[in-house]
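The structure appears below as structure tokens.
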């Protein structure tokens, strides 16, 4: 049943003035209930990828988008899906476990963030949204699939296939398919699973497909060519993510001084909401233990931390109960938390795309942020390729003696 406030709400209550060089959501012919959700989300003007994707996708075209996390791509594909489902209601009998739209994401955190965004945008509609992801209660998800209609399903590949094999889930009625972070799914070895999933959906001419990736390498483009039909390609340069709102600095330091530098920076600058990225799980655990012993309010998320605990940790960080969150790249994927003041790269990532993703956790939604990276003898050689990838020279300095002193 539609939210009762929808009947009391009109577009007149959501005034967004025209602005030179900007595209408003008003400029697209979107359903009123969806516009109500867009108003609730606080969206006024489209980001570049939203403007370009919506122009093509709302007209029914398949799209292939290259954009980093934080550019607004999630809202772009969700708005397309929600508007289309509202405009073309199902008139034949429907059954549980038959989603009309399917969004596949590589990690649990990202899938659950997409589900949260979808529920916000679809709040004033009849559309039912749910996620199926690993690490969460299997029986509860199974019961939901077996007993309720689903319009938009967000899923990670493994759990989705589990339910499909058990015949709790049928993908032959999927009208819209989104494959998010295709490059990450390649890196994580999910592509055989994704191929099986795509093969369960209708053929390309009978579904609208949107594929998003931070990189357009040959493997990604081959998959895109196979899974889309006459797709429109939208490319947003990653430098927009890294340079506009984030102040970036690199400290050249010795390996043995890195922990002191981390602790002193956090305490001296009174960092209130900081994410520390490390390359390995053992490093995150060691940092968590040492900072905790120093009296900091700290916790970690990594692939070996149980999912329910990871979600609780993220909620505590979001609420401001945690000062420091330590994360690996895979676990950090899908962290969308407002007000992150600092990102610290305890290790430089080997893949420049991970650097772009990491620092995109701060400086979001037009706010300013600070990114600090540590480069030591083990990883300083990565700096030239990182600078080339982001199209700028990084400010590299040696920390003053007091910053590496043992406190």
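Numbering (my numbering), first residue to last: 139 to 545. For glycine and all other residues, C-beta sits at the position ideal for the given N, C-alpha and C. Keep in mind that this is a model prediction, so the values were computed, not measured.
For residue i, three-class secondary structure by DSSP
i, result
"residue 474", "coil"
"residue 141", "Bear in mind that a pLDDT of 48 at residue 141, under 50, signals an unreliable position, so the model cannot answer this."
"residue 275", "coil"
"residue 405", "helix"
"residue 130", "Residue 130 lies beyond the range of the chain shown here (139 to 545); nothing can be said about it."
"residue 323", "helix"
"residue 347", "strand"
"residue 384", "strand"
"residue 428", "helix"
"residue 168", "coil"
"residue 435", "coil"
"residue 250", "helix"
"residue 390", "strand"
"residue 163", "helix"
"residue 463", "strand"
"residue 541", "helix"
"residue 290", "strand"
Cut-off 8 Å between Cβ atoms - residues of its own chain near residue i, not counting five sequence neighbours on either side
i, result
"residue 377", "In this predicted model, residue 377 has a pLDDT of only 46, less than 50, meaning its place in the structure is not dependable enough to derive any value."
"residue 532", "386, 387, 388, 511, 521, 524, 525"
"residue 409", "403, 461, 462, 479, 480"
"residue 515", "392, 393"
"residue 257", "267"
"residue 396", "484, 512, 514"
"residue 399", "389, 391, 512, 537, 541, 542"
"residue 421", "484, 485"
Neighbourhood of residue i by C-beta, 6 Å cutoff - its chain only, sequence neighbours within 5 removed
i, result
"residue 215", "316, 348"
"residue 184", "161"
"residue 271", "246, 249, 294, 297"
"residue 370", "194, 199, 201"
"residue 448", "439"
"residue 221", "168, 169, 172"
"residue 273", "246, 445"
Residue range of the unbroken beta strand (DSSP E) whose run includes residue i
i, result
"residue 243", "Residue 243 -> no beta strand (DSSP E), and no H or E assigned at all."
"residue 484", "Here residue 484 belongs to no beta strand (DSSP E), and DSSP marks it neither H nor E."
"residue 204", "201–204"
"residue 373", "370–373"
"residue 511", "507–513"
"residue 269", "267–270"
"residue 413", "412–415"
"residue 535", "533–535"
Element boundaries [alpha helix (DSSP H), containing residue i]
i, result
"residue 363", "356–365"
"residue 312", "Residue 312 -> no alpha helix (DSSP H), and no H or E assigned at all."
"residue 332", "329–338"
"residue 232", "Here residue 232 belongs to no alpha helix (DSSP H), and DSSP marks it neither H nor E."
"residue 117", "With the chain running from 139 to 545 in the structure shown, residue 117 is simply not present."
"residue 191", "186–195"
"residue 108", "Outside the modelled stretch of the chain, which goes from 139 to 545, sits residue 108, for which no answer is possible."
"residue 527", "521–528"
Residue closest to residue i, alpha-carbon to alpha-carbon, out of the options
i, options, result
"residue 299", "192, 336, 322", "336"
"residue 327", "358, 302, 367", "358"
"residue 204", "273, 220, 325, 372", "372"
"residue 457", "341, 475, 445", "475"
"residue 486", "164, 418, 501", "418"
"residue 169", "517, 265, 440", "265"
"residue 312", "344, 229, 199, 354", "344"
"residue 468", "446, 442, 459", "442"
"residue 290", "278, 428, 269, 153", "269"
"residue 219", "351, 244, 252", "252"
"residue 276", "431, 446, 334", "446"
"residue 167", "156, 202, 225, 491", "225"
"residue 340", "259, 374, 151, 367", "367"
"residue 353", "333, 273, 422, 491", "491"
"residue 278", "259, 541, 260, 301", "301"
"residue 156", "435, 483, 182, 147", "182"
"residue 415", "177, 361, 455, 496", "496"
"residue 240", "420, 229, 223", "223"
"residue 551", "242, 424, 197", "In the structure displayed, the chain extends from 139 to 545; residue 551 sits before or after that span and is not available."
"residue 149", "292, 159, 178", "178"
Sequence-distant residues of its chain with Cβ nearer than 7 Å to residue i (five each side left out)
i, result
"residue 190", "372"
"residue 477", "411"
"residue 287", "232, 234, 266"
"residue 351", "204, 319, 320, 321, 358"
"residue 517", "485, 486"
"residue 164", "154"
"residue 432", "401"
"residue 188", "210, 213, 214"
Item to complete: Check whether the stretch 275–286 touches the stretch 303–321, counting contact only when three or more Cβ pairs, one atom from each stretch, lie closer than 8 Å.
Response: yes
Discussion item. Measuring CB atoms only, is the stretch 245–253 touching the stretch 219–235, in the sense that at least three cross pairs come out at less than 8 Å?
Written reply: no
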